[in-house]
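In the order they appear, the protein sequences are chains A and B.
For the first sequence, this note's numbering gives the first residue as 10, with consecutive numbering after it.
For the second sequence, this note's numbering gives the first residue as 10, with consecutive numbering after it.
Where a beta carbon is used, it is the ideal one built from N, C-alpha and C, also for glycine.
Before any comments, here is the structure.
Protein chains: 2
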Amino acid sequence: MNFCEKCGAPVQLAVPAGDHLSRHVCTACGHIHYRNPRLVVGCVPEHEQRILLCRRAIEPRRGYWTVPAGFMENGETLQQAAARESAEEALAEVTIGSLLAIVHVLHAEQVHVFFRAQLPAARFAAGPESLEVALVAPRDIPWDDIAFRSTDFALRRYLEDKAAGAEPYHFHSIDQRPRAEHAG
Amino acid sequence: MNFCEKCGAPVQLAVPAGDHLSRHVCTACGHIHYRNPRLVVGCVPEHEQRILLCRRAIEPRRGYWTVPAGFMENGETLQQAAARESAEEALAEVTIGSLLAIVHVLHAEQVHVFFRAQLPAARFAAGPESLEVALVAPRDIPWDDIAFRSTDFALRRYLEDKAAGAEPYHFHSIDQRPRAEHAG
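Listed below in structure tokens is the structure:
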């Protein structure tokens with residue numbers, strides 16, 4: 010960022026008094042712009058032993074497969090966000106279940122949250138952000154064409170847990186930052 | 010927000026093409042400024058049946074009691090954020106345990122995440138954001154002077170779960186928005 014969102018003057022990186030990290034601080038009004046991780050929320054919708062997957066129509070990873078997921082909006086719960094993304098990307102009405110996985114995607118400054126979900130009726134279609142949507146049997150999941158590592162993690166845990174007959178939650182971290190940034 | 014963080018020109022509220030919500034869009038360069046919920050992360054540190062509480066030295070809720078918690082930073086995991094907040098606010102080195110609660114604080118556009126934690130040694134002191142820090146027996150928790158409803162929720166679930174000998178996670182939503190905003 011280059012300019013203050015409040016007054017429009019240039020910002021510069023500085024450590025505010027009492028803080029320990031560098032922030033974008035306005036050179037005119039002093040407003041401090043904090044940057045925090047953003048929540049991406051999705052679910053693994055199941056219908057009769059098959060999983061609803063979307064092939065992405067947008068970048069990043071256009072053409073690759075994922076579960077319905079996207080940025081959480083203000084004013085909604087995590088469960089509402091997960092259900093909304095299924096409605097938008099797969100035109101599917103899902104019932105959100107238990108917490109499946111929380112994945113820290115450190116290089117992207119995101120936290121991905123996945124829920125288990127049920128798709129009661131096999132009604133779905135590609136929303137504007139999807140090229141196609143399909144109900145896929147576990148053995149047919151296109152593992153080499155999954156869009157994101159967090160999605161891969163969530164899908165694998167989903168299937169393992171289902172085989173084990175349990176619904177635990179899983180934490181995971183993915184870090185593709187250049188080495189120097191790890192130290193801080 | 011009033012000005013574009015990229016080019017400094019004025020922004021106006023508009024629904025971008027393909028979107029369904031109003032965003033701050035730059036009138037000059039077209040940059041879209043998304044606003045998303047921020048993560049607040051904390052823990053309930055326990056040492057020999059007592060819980061580490063901090064009395065806040067800063068607004069909001071100066072003078073009221075809370076568990077160590079604060080905004081998650083980029084580049085850290087939820088667990089690291091929770092441990093860091095304990096180090097900063099209570100000068101306490103804690104071991105983060107299981108997920109305790111996720112609270113949607115809808116009016117504040119925040120998601121609060123709480124973990125169970127152990128404080129192995131009774132070493133702590135007030136950090137710059139605390140007036141005092143204390144190890145408090147469950148019967149002595151100052152329920153009328155707890156700073157936030159999310160903290161109250163997390164503390165009560167913590168104690169109930171401990172009594173029951175289980176460590177489940179809990180979802181909860183707090184919504185103090187004016188009624189009109191609920192509809193959307």
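Between the alpha carbons of Gly-27 (chain B) and Pro-137 (chain A) lies a distance of about 8 Å. Within its own chain, the residues whose Cβ lies closer than 7 Å to the Cβ of Gln-119 (chain A), once the five positions on either side in sequence are excluded, are Pro-46, Arg-47 and Val-49, listed in chain order. For Met-81 (chain B), the number of other beta carbons within 10 angstroms of its own is at least 16, and it is reported as buried.
Within chain B, the C-beta atoms nearer than 8 Å to that of Leu-48 (chain A) come from Asn-45, Pro-46, Leu-48 and Val-120, in chain order.
Taking C-beta atoms as the reference points, Ser-95 (chain A) and Pro-54 (chain A) count as a pair closer than 7 Å. Secondary-structure assignment with DSSP links Thr-75 (chain B) through a beta bridge to B:Cys-63. For the region 106 to 119 of chain A, the residues whose beta carbon sits under 8 Å from a beta carbon of chain B are, in order, Leu-108, Ile-111, His-113, Leu-115 and Glu-118. At least one beta carbon of chain B lies nearer than 7 Å to the beta carbon of Phe-12 (chain A).
Along the region 118 to 152 of chain B, the positions whose C-beta sits under 9 Å from a C-beta of chain A are Glu-118, Val-120, Val-122, Pro-137 and Glu-138, read in chain order. Ser-139 (chain A) is bridged by DSSP to A:Arg-65.
Following the DSSP letters along the chain, one finds Ala-126 (chain B) inside the beta strand (DSSP E) bounded by residues 119 to 127. Exposed is the label assigned to Glu-176 (chain B), since fewer than 16 other Cβ atoms lie within 10 Å of its Cβ. As summarised for the region 78 to 120 of chain A, the continuous beta strand (DSSP E) elements at least 3 residues long and confined to that stretch are 78 to 80 and 104 to 114, given in chain order. When DSSP states are grouped into helix, strand and coil, Ser-159 (chain B) belongs to the helix group.
Taking the Cα positions, Ala-134 (chain A) is about 27 Å away from Asp-170 (chain A). Excluding residues up to 5 positions away in sequence, Ala-126, Gln-127 and Pro-129 lie with their Cβ nearer than 7 Å to the Cβ of Thr-104 (chain B) in the same chain. Chain A has a Cβ within less than 7 Å of the Cβ of Gly-84 (chain B). Residues of chain B with a Cβ closer than 8 Å to the Cβ of Leu-87 (chain A) are, in chain order, Ile-111, His-113, Val-120 and Phe-180. For the set B:Tyr-167, B:Ile-41, B:Ala-101 and B:Asp-184, the Cα lying nearest the Cα of Asn-11 (chain B) is the one of B:Ile-41. For Lys-171 (chain B), no chain A residue has a C-beta closer than 8 Å to its own C-beta; the minimum C-beta separation is roughly 19 Å.
Contact between the region 157 to 166 of chain B and the region 82 to 90 of chain B is absent, with fewer than three C-beta pairs closer than 8 Å. Cys-13 (chain A) and Glu-14 (chain B) have their C-alpha atoms some 6 Å from each other.
Of the residues assessed, Leu-22 (chain B) falls on the exposed side of the cut-off, its CB having fewer than 16 other CB atoms within 10 angstroms.
When C-beta atoms of the region 107 to 116 of chain A are compared with those of the region 144 to 162 of chain A, three or more pairs fall below 8 Å, so the two segments count as touching. Phe-162 (chain A) is outside the set of residues whose beta carbon lies under 7 Å from a beta carbon in chain B. With respect to chain B, the C-beta atom of Gly-17 (chain A) has a partner C-beta closer than 7 Å. For Phe-80 (chain B), at least one C-beta of chain A is nearer than 7 Å to its own C-beta. Distance from the CA atom of Leu-30 (chain A) to the CA atom of Thr-36 (chain A), rounded to whole angstroms, is 17 Å.
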